[in-house]
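The structure appears right after this line, and notes come after that.
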Amino acid sequence: TWMRQPHYFMALYPYTYSAGLTIGTAVGQKIAAGDQTTIDKWLEVLKAGGTMGPLALAEHAGVSMADAGALRSAIGYVDHLLDQIEALA
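Residue numbers (my numbering): 219 to 307.
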């Protein structure tokens, strides 16, 4: 149950999941589209490891978590995937 999983209700902990998925979706879409700049930046992010904080790494990858654009884009992508799944049913 949720009571045995304290990380579900710890302050802001679940936010890290949605932030990570938002950043990953934004970067993944650009990489899938063949955006070489994003590919190069993502490799730099991976090489940076823990030398920068999460928001700085996201910014370096080209994803700003300061505005709602990245989140809206991720939601739109999931909506698109759901449309594709429904079309298969």
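Ideal placement from N, C-alpha and C gives every residue a C-beta, glycine not left out.
It should be emphasised that the depicted structure is a prediction, and the values quoted were computed from it without experimental measurement.
Assigned exposure category for residue i - 16 Cβ within 10 Å defines buried
i	result
Ile241	buried
Thr234	exposed
Ala305	exposed
Ala307	exposed
Supposed contact pair residue j and residue i - C-beta distance, whole angstroms, cut 8 Å
i	j	result
Lys265	Thr256	Not confirmed; about 15 Å, so no contact.
Ala237	Met283	6 Å
Val245	Trp260	6 Å
Host alpha helix (DSSP H) of residue i (start-end)
i	result
His299	The sequence as given places Leu at residue 299; His does not occur at that position. Taken as a continuous stretch (DSSP letters only), the alpha helix (DSSP H) holding Leu299 covers 287-306.
Ala250	231-250
His278	272-278
Ala266	254-266
Pair within 8 Å by beta-carbon distance, residue i and residue j
i	j	result
Val263	Leu275	yes
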